[in-house]
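Undergrad: Sharing a structure with you now.
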Amino acid sequence: MDGANHSMVSEFLFLGLTNSWERQLLFLFSSIFCVAGMMGNAFILLTVTSDPHLHSPMYFLLANLSFIDLGVSSVISPKMIYDLFRKCKVISFSGCITQIFFIHVIAGVEMVLLIAMAFDRYVAICKPLHYMTIMSRKMCILLLVAAWIIGLTHSVVQLTFVIKLPFCGPDILDSFYCDLPWFIKLACIDTYRLEFIVTVNNGFISLGSFFILIISYVFILIVVWKHSSGVSFKALSTLSTHVMVVILFFGPCIFVYIWPHPTSHLDKFLAIFDAVLTPFLNSVIYTFRNKEMKVAMRKVCSQFINYRRIS
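Count the sequence shown with numbering that gives the first Met the number 0 and you get residues 0 to 310, in order.
Put into structure tokens, the structure is as follows:
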């Protein structure tokens, strides 16, 4: 096949949904939860940065997780909602590559942040007297820098394998957004080995991170069971929140990259869940299951109301 044919495809078409009532329902669902998720995570960021009582390692990591969730909502949801009522749901080749890049950067950063948050809970519960020494400002910044380096490296390494692939048709992606499993299948060459490498890479990172988190939670539970105290139970109450967020994040991720027999409808549901619902649920879980966050948010709201009255 000649080089001219290899550069033939310059844009891709999202298949999405076909039924009108499904599109309308999805549009309503996506719009509500996308806006609510972005507002919720932005409010968490504002609360943590403005309240001195929340300037601790745990809330520093939480604020960065909310920032990442804002990125999830911004990269996928607006384009998906915009395309719902378009007959021709098109994305350029460069737009598709950009979307894949940011999706995997964000996913890599979030995985490391979740591990860092689990480490923070381990120190708070198992070594409470040394908590501020271990989880110093320097340590928090190092964890954040490591998260971004790992996320960027993970994304760039994968794109170096796929960006040079020849695409000469078909150009239809049976999804709402670009991601590697569907993107690679459209190449004009045999991509079995590349699909295997991408699956192993993402699957190894996802499963590895998930098992590290599960093991750390089990270890923390054992320590609390042996040395129960009021402080430990208070710290343990935040641990259940982290477990819920981990399940919400890793569930769809592991299924998409590990499950050997993908189904179109289930993949689409997980794509919507991961892009729209998970950022919203993260903000809700961390807000309504945390007394300090609720108190701080009330203060921010009251300050805003008072400011509005004065002005």
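Using N, Cα and C, we set each Cβ at its ideal position, and we do this for glycine too. These numbers come from a predicted model, not from an experiment.
Do you know how far the Cα of Ile90 is from the Cα of Ile96?
TA: Near 10 Å, if we compare the C-alpha coordinates of Ile90 and Ile96.
Undergrad: What residues in its chain sit with their C-beta under 6 Å from that of Asp50, if we drop five residues either side in the sequence?
TA: Correct list, in chain order: Ala295.
Undergrad: If the criterion is Cβ atoms closer than 8 Å, does the pair Pro251 and Asp68 meet it?
TA: Contact: no.
Undergrad: Roughly how many angstroms separate the alpha carbons of Ser84 and Lys78, rounded to a whole number?
TA: Sequence inspection shows Phe at residue 84; the Ser mentioned does not correspond to that position. If you take the alpha carbons of Phe84 and Lys78, they lie about 11 Å apart.
Undergrad: Using DSSP with H/G/I as helix, E/B as strand and the rest coil, what is Leu164?
TA: Coil at Leu164, not helix or strand.
Undergrad: Residues in its own chain within less than 7 Å of Gln157 by CB, not counting five upstream and five downstream?
TA: His103, Leu179, Val197, Asn200
Undergrad: DSSP three-state label for Phe175, please.
TA: In this structure, Phe175 counts as coil in the three-state DSSP scheme.
Undergrad: Taking only the alpha-carbon atoms, compute the straight-line gap between Lys293 and Leu14 and give it to the nearest angstrom.
TA: 42 Å
Undergrad: So what's Phe84 in DSSP terms, helix, strand or just coil?
TA: Looking at Phe84 - three-state DSSP - the assignment turns out to be coil, as it is neither helix nor strand.
Undergrad: When we look at the beta-carbon of Gly207 and count the other beta-carbons within 10 Å, is it buried (16 or more) or exposed?
TA: It is exposed - the Cβ of Gly207 has fewer than 16 other Cβ atoms within 10 Å.
Undergrad: Does at least one heavy atom of the ligand MG sit under 7 Å from the Cβ of Ile214?
TA: With respect to small molecules bound, the structure shown includes none, and the ligand MG cannot be examined in it.
Undergrad: Tell me the DSSP secondary structure of Leu44 in three-state form.
TA: helix
Undergrad: Please state the DSSP three-state secondary structure of Leu14.
TA: DSSP places Leu14 in coil when its eight states are reduced to three.
Undergrad: Report all residues from its chain with a CB closer than 6 Å to the CB of Ala115; omit the five preceding and five following residues, and keep chain order.
TA: So the list reads Leu60, Leu142, once near-sequence residues are dropped.
Undergrad: DSSP state of Ile188, grouped into three classes?
TA: coil
Undergrad: Using the Cα positions of Phe203 and Thr132, report the straight-line distance between them to the nearest angstrom.
TA: About 33 Å.
Undergrad: Output needed for Ser154: all residues of its chain with C-beta closer than 7 Å, excluding positions within five of it in sequence on either side, in chain order.
TA: Phe100, His103, Val104, Gly107
Undergrad: Using only the alpha-carbon positions, how far apart do Leu27 and Met37 sit?
TA: 16 Å
Undergrad: Considering only C-alpha positions, which residue in the set Cys33, Leu269, Ile284 is nearest to Ser174?
TA: Leu269
Undergrad: Name the residue from Leu280, Ile80, Phe92 whose alpha carbon lies nearest to the alpha carbon of Cys167.
TA: Phe92
Undergrad: Mark Asn305 as exposed unless 16 or more other C-beta atoms lie within 10 angstroms of its C-beta, in which case mark it buried.
TA: Residue environment analysis places Asn305 among the exposed positions, since fewer than 16 neighbouring C-beta atoms fall within 10 angstroms of its C-beta.
Undergrad: Using DSSP with H/G/I as helix, E/B as strand and the rest coil, what is Asn4?
TA: Residue confidence is low: Asn4 scores 42 on pLDDT, short of 50, so the model does not pin down where it sits. No coordinate-derived value is stated.
Undergrad: Determine the direct distance from the alpha carbon of Leu24 to that of Ile214, and round the result to whole angstroms.
TA: 40 Å
Undergrad: Roughly how many angstroms lie between the CA atoms of Phe160 and Ser72, to the nearest whole one?
TA: 26 Å
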